[in-house]
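Data block below; observations after.
Here's what the structure looks like:
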């Protein structure tokens with residue numbers, strides 16, 4: 001099996017998420033870093049690429065140069081896909097250009113700066129028939145897939161209630177004014193879009209609620225807050241939700257929950273029981289029943305669904321974490337591309353990664369939730 | 001020290017909460033069951049009282065008979081206070097009569113059937129100078145008192161966010177139609193009032209959020225649901241909150257969270273850190289900080305505040321539970337009455353039990369939250 | 001139902017365990033404190049008794065005076081049983097005298113100062129036909145009874161391995177030299193016996209392992225340590241165990257496990273699965289299976305065995321703790337005596353409290369484990 | 001930075017640990033799979049290598065062929081080190097041959113089949129000046145390094161007690177007779193050596209106890225059991241320990257702890273406090289103190305020691321797991337080799353991986369613990 005060739009856009013030295021993408025891509029030996037435009041500063045891009053072991057001519061000075069140059073290479077010498085790990089405002093243009101030049105795309109979330117861009121990008125994906133994977137990491141955890149599977153198989157009956165919360169504490173102070181790069185762009189409307197917290201982590205929570213439950217948000221009522229003085233975007237919010245089967249829900253996302261790390265949790269309740277999953281202890285899925293003892297489903301055990309097993313690398317009791325969940329997105333994306341290259345249809349398990357469609361819903365979530373936050377009306381329809 | 005004499009109203013055979021009140025009252029040897037009107041059915045009252053070791057003439061056929069008879073006895077032979085453990089609709093009248101006849105009152109929550117009744121009752125308490133203790137049990141836990149104390153001492157800076165949730169699963173089915181007595185009255189508007197879930201457990205969550213934080217709810221936005229078919233009152237709700245210092249919050253109460261037992265949890269976040277408490281593991285208070293490791297404060301340790309120690313009976317590592325928390329309400333109430341009998345002023349620690357004022361706020365919470373649930377407007381003012 | 005009359009020996013002001021016994025006795029309204037010899041100092045006894053609401057003539061100056069005086073009273077005026085809550089060296093004589101005068105006995109553990117005394121006491125119990133309850137508190141927890149029941153019903157197949165550990169940290173320093181009364185007598189051979197830690201908490205661990213498993217220890221190999229300088233008795237030990245069905249085990253008891261509270265834990269493994277229970281979170285029994293998800297059995301649920309339900313007071317999710325477990329010993333003892341008074345045979349559930357037989361095994365454990373600690377031979381037979 | 005070239009010995013299709021080694025090696029982009037002798041069956045080796053993307057001529061038919069062929073290649077074309085992932089009996093010969101031909105070695109544990117082999121191998125490492133990394137994975141976890149660091153800095157005072165347990169349940173039945181490859185060789189003396197459970201997981205527990213505490217085992221007293229019928233090696237054991245500073249300890253390793261996954265836990269107690277770490281929740285280190293609240297140290301936070309940070313890839317709250325811990329061994333080994341290649345001295349952090357010296361101690365542990373298991377004497381000296 002030949003390794004797929006990845007071209008990276010963004011992710012130069014000191015960029016947090018770029019390094020994560022590379023570990024995720026490396027992990028299973030299916031992908032190799034082929035080239036990169038790691039920075040809009042050509043010198044920095046070269047320096048970053050060399051540190052990563054690339055030849056000088058594979059360290060491009062810009063993503064346009066990279067895409068155009070690679071597109072001219074013979075098929076077996078050029079990159080197979082691009083991985084875009086830039087801030088939000090620099091997602092749309094490189095993704096469009098990559099697709100137009102025949103390259104598949106892995107793209108960090110949220111998909112674009114605006115819903116309008118997202119729709120155009122989704123349309124381009126459809127036209128080209130290429131694959132786009134949006135890195136909603138949390139959907140890559142095996143126990144999340146187990147949860148989705150149990151609900152899909154109706155183990156709990158009709159779903160009635162979803163509680164999802166995503167508290168972080170790292171923006172409890174005016175961190176962005178102190179020179180922190182991660183904080184700076186995330187709180188800058190020109191780079192982050194119309195939302196800070198809801199765009200950065202609220203979209204993860206919304207995606208997770210829909211992915212696990214198989215339901216769609218139809219209405220929301222949001223209390224959106226900017227708690228820290230002088231901050232330019234929201235850093236906190238609480239949202240009432242309605243889903244398309246009539247279930248109700250609640251979504252909390254906050255970056256001023258002082259003392260919290262990355263404490264994404266979800267609880268889903270149906271007629272017969274419910275389930276609970278915590279990202280910080282991701283290998284346990286708590287399954288609750290009306291009349292019998294609570295069960296702890298654990299990664300790597302024989303009693304799990306095939307799709308959970310498909311996204312697991314090691315035996316039970318050997319904890320897998322965030323990087324493995326991220327790696328699952330890359331692995332499934334790579335297996336999908338490999339299948340195509342070998343002229344085979346990818347399986348449903350391989351295709352189980354977030355797509356442009358999820359990206360459009362994510363951007364719609366941002367626009368709707370911010371609109372609701374400004375509204376004096378209780379319920380806002382979830383419009384796309 | 002002479003034991004205080006308790007007269008119980010309600011709490012006959014098979015009544016859940018009456019038995020809990022008696023254990024709480026017995027626990028510390030400060031109170032003795034003196035008489036009771038355990039049922040509106042005189043025969044059942046007699047039978048119940050005899051089982052509890054009372055003489056026949058101390059088993060009254062009605063609360064009016066009990067209060068009027070006892071009031072005529074010499075001071076050292078009559079009951080010192082009544083404990084009212086009936087369903088909501090039978091709180092107001094016996095409490096008023098007891099106060100009018102000079103008896104202190106312990107009263108189950110919510111205080112009355114309506115806010116109007118609650119205000120009258122509060123007024124009567126003020127007029128008589130007697131004590132009324134409302135059994136918001138959860139405020140009796142030592143770690144809840146520790147939490148309140150740390151916030152009051154400004155350990156976390158200004159409070160910014162409160163998340164309180166109270167999911168139960170026992171009403172996931174139409175339990176009330178199957179003859180369950182607890183479920184039947186709680187879902188019957190004539191006995192429970194205008195709310196089911198919000199009155200029964202939402203008021204506990206609201207009280208806890210205010211008790212721990214020292215803040216007051218000023219606005220709310222509620223999604224109130226009746227999930228189970230044919231149920232006559234709400235069994236679920238999600239509420240956005242605003243507090244008087246500008247903090248935001250979220251309150252979830254549900255009795256259709258299938259598989260949950262009695263999972264009251266609260267998280268409070270300030271500028272410098274936060275805290276988390278779970279009723280089902282009540283002896284641990286999780287204290288989180290921005291820049292240093294999370295701490296586990298535990299019942300019974302020397303580093304706790306004096307008020308936590310005052311509400312603890314045994315050394316650390318020997319778990320205290322719900323009955324001890326309930327017992328703390330009775331103990332503090334009893335110590336208050338004892339102090340008065342001995343002509344001394346009760347200490348602040350003794351007086352730390354919920355009062356008629358809390359009861360009025362609880363009834364206002366119910367009326368406001370149900371009104372908000374019916375409103376199309378986002379925010380409803382918390383009116384009393 | 002008439003309340004049983006309790007006479008207490010020991011447990012004066014500031015005594016920890018005496019207060020615990022009184023709460024446990026009070027809790028269910030089945031027992032009333034009738035008299036006491038709370039201290040060997042008559043003045044202190046009087047003062048203590050008055051604080052507890054006793055008349056002066058019910059505060060005896062010595063246990064001999066109390067037993068002899070009460071024995072002369074008419075049957076319905078005298079105490080029904082004594083509760084002995086003195087240090088170990090003052091268990092045997094009052095227990096013997098009580099039995100000889102026709103009084104049932106509740107006795108703190110370990111039963112006596114020596115194995116020889118224990119055997120005499122057991123013999124006296126047999127001769128008199130009276131009841132003796134030894135307060136191995138931890139066997140009173142409902143989830144411990146559930147565990148015992150599941151093993152007895154062979155849910156896990158043949159038991160193969162038992163791991164019990166009981167680390168405390170309160171004697172990490174030379175606490176006894178600083179005037180702490182609890183520490184002082186426990187580390188004094190004349191009051192505690194030949195062992196400190198193994199007698200105080202090792203016996204609890206040993207009893208729990210036998211109670212839950214239904215097995216008996218047959219051999220042991222002990223490493224017994226006195227870690228803190230100048231301490232006169234052991235404060236730590238690790239013991240290899242063999243049980244009568246061939247199962248192996250390990251028992252750790254330590255009072256120098258710095259930072260631990262009262263962290264008794266037990267794990268039992270059989271052919272098909274295992275179980276785990278932690279005293280500090282006593283309402284959960286973790287049940288593990290080879291091929292299916294781990295289950296959390298929780299106090300108060302309908303799926304539990306009848307004996308667990310018999311020892312539970314409130315619904316699931318309302319935590320019961322140490323005092324309720326202690327209360328269960330008193331409750332079962334009281335129900336047993338009541339049955340006898342009413343001329344009925346006590347049920348198996350009522351009789352489920354530790355007896356003199358357990359006390360003899362406990363004293364044999366102490367003598368054998370200390371002997372083993374001194375032996376250069378690996379295995380020491382468990383001799384009685 | 002050039003990637004290091006790895007030659008793998010063992011780890012063909014369906015081998016569990018070979019795949020783990022490859023993920024660990026891939027993760028950080030520092031190492032590339034260069035060649036392999038994946039099986040003693042040349043066809044299987046070829047097939048396995050091709051699946052992994054190797055050219056046919058890099059799939060060797062035997063390790064001798066691989067080592068000899070690669071040794072003849074120009075320095076920049078040949079492999080830099082071998083990774084040996086075969087069963088125990090096939091560790092010594094390839095490791096010796098690799099060292100003799102100038103290749104560094106990564107070797108799965110336990111190091112060899114016998115202590116005698118281990119000593120020879122250690123001597124060879126010394127003679128050649130090459131590096132050997134033994135994969136005691138658990139020492140690669142950042143919170144284990146934090147624990148070691150806190151003890152080394154004397155945060156807890158003198159260490160008094162160590163409790164380490166490693167229960168697994170996967171060999172609760174006679175799994176090896178059913179064709180399971182992992183179970184078959186681990187229970188076969190000719191492939192596993194004189195011990196099953198103690199060699200496979202007991203050595204991990206022993207290494208962890210010494211690594212974290214900085215102490216050395218000096219005496220042990222073992223109860224070694226073969227619980228499952230017809231099994232040829234031990235599957236369970238309990239061991240009393242003495243350490244070189246006088247601390248006592250207990251080590252439990254079992255593969256018949258039905259229902260357990262891979263539940264390695266360690267507790268260490270000093271004069272002032274203690275710590276506790278669970279492999280299955282590896283990102284939390286519980287730190288306990290005599291007089292102040294227990295603290296939860298968590299991976300990725302700024303308050304951790306530099307060596308913990310050095311072994312962490314992502315921010316706090318993003319769980320890292322077993323593969324990252326394994327990856328840390330590979331990463332540190334690779335950084336050490338890179339430093340050497342660049343003519344620099346590796347830092348202490350880079351050199352922090354288990355070596356041949358640890359391997360010799362591990363083999364000594366196996367021989368001593370099995371000898372003790374057969375002895376009637378209580379204590380056996382830890383001889384090397």
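Protein chains in written order, with the UniProt record's numbering: chain A, 1 to 384; chain B, 1 to 384; chain C, 1 to 384; chain D, 1 to 384.
The beta carbon of each residue, even a glycine, is placed where N, CA and C say it ideally should be.
- For residue 222(B), the enclosing beta strand (DSSP E) begins and ends at 217-225.
- The beta carbon of residue 339(A) sits closer than 7 Å to the beta carbons of 345, 346, 350 from its chain, once the five residues preceding and following it are set aside; these are given in chain order.
- Here residue 232(D) is exposed. Its C-beta has fewer than 16 other C-beta atoms within 10 Å.
- The C-beta separation of residue 270(B) from residue 157(B) comes to about 5 Å, placing the pair in contact by the 8 Å criterion.
- Secondary structure at residue 188(A): coil, using DSSP grouped into helix, strand and coil.
- Within chain D, the residues 53 have their CB atoms less than 9 Å from the CB of residue 2(A), given in chain order.
- According to DSSP, residue pairing for residue 238(B) in a beta bridge involves 223(B), 252(B).
- In the three-state reduction of the DSSP assignment, residue 112(D) falls in the coil class, being assigned neither a helical nor a strand state.
- When CB distances to chain B are screened at a threshold of 8 Å, the residues of the region 250-269 of chain A falling below it are 250, 252, 254, 256, 257, 258, 259, 260, 267, 269, in chain order.
- Of all residues in the region 141-162 of chain A, none comes within less than 9 Å of chain C when Cβ atoms are compared.
- Cβ contact annotation for residue 201(A) (same chain, cutoff 6 Å, sequence separation greater than five): 166, 253, in chain order.
- The CB of residue 293(C) comes closer than 8 Å to the CB of 287, 295, 296, 297, 298, 301, 303 in chain A, given here in chain order.
- With respect to the 8 Å criterion, residue 139(C) and residue 63(C) are not classified as neighbours on the basis of their beta carbons.
- Per DSSP, residue 322(B) is not a residue of any beta strand (DSSP E); the alpha helix (DSSP H) it occupies stretches across 322-341.
- Within the region 39-72 of chain C, no complete beta strand (DSSP E) segment of 3 residues or longer occurs.
- Interface residue (Cβ-Cβ distance to chain C less than 8 Å): residue 280(B) is classified as such.
- Separation of residue 259(C) and residue 274(D) (C-alpha to C-alpha, rounded to the nearest whole angstrom) is 6 Å.
- Here the alpha carbons of residue 70(A) and residue 7(A) stand approximately 9 Å from one another.
- Beta-carbon to beta-carbon, residue 185(C) and residue 192(C) are separated by about 6 Å, close enough to satisfy the 8 Å threshold.
- From the listed residues 19(B), 9(B), 315(B), the smallest Cα separation to residue 314(C) is found for 19(B).
- Only residues of its own chain outside the window of five on either side were considered, and among them 165, 278 have a CB closer than 6 Å to the CB of residue 265(D), listed in chain order.
- The CB of residue 88(C) never comes closer than 9 Å to any CB in chain D; the least such distance is about 25 Å.
- In the three-state reduction of the DSSP assignment, residue 204(A) falls in the helix class.
- Taking all protein chains in view, the Cβ of residue 152(C) is surrounded by fewer than 16 other Cβ atoms within 10 Å, so the residue is classified as exposed.
- In this structure, residue 99(A) sits away from residue 112(A), with a CB-CB distance that is not shorter than 8 Å.
- Residue 197(B) is not a Cβ neighbour of residue 244(B), given a cutoff of 8 Å.
- One Cα belongs to residue 147(D), the other to residue 285(D), and the distance between them is close to 7 Å.
- Contact annotation for residue 26(C) against chain B: 26, 27, 28, 29 [CB-CB distance below 8 Å, chain order].
- For secondary structure counted as the alpha helix (DSSP H) over 4 or more consecutive residues, the region 239-323 of chain A holds these complete runs in sequence order: 306-310.
- Counting only Cβ-Cβ distances below 7 Å, residue 377(B) has contacts in chain A at 376, 378, in chain order.
- With respect to chain B, the C-beta atom of residue 48(C) has no partner C-beta closer than 8 Å.
- Residue 383(D) has its alpha-carbon roughly 14 Å from the corresponding atom of residue 357(D).
- Selection 234(B), 92(B), 123(B) evaluated against residue 199(B) yields 234(B) as nearest (Cα-Cα).
- Distances from the alpha-carbon of residue 76(D) to those of 306(D), 4(D), 255(D) put 4(D) closest.
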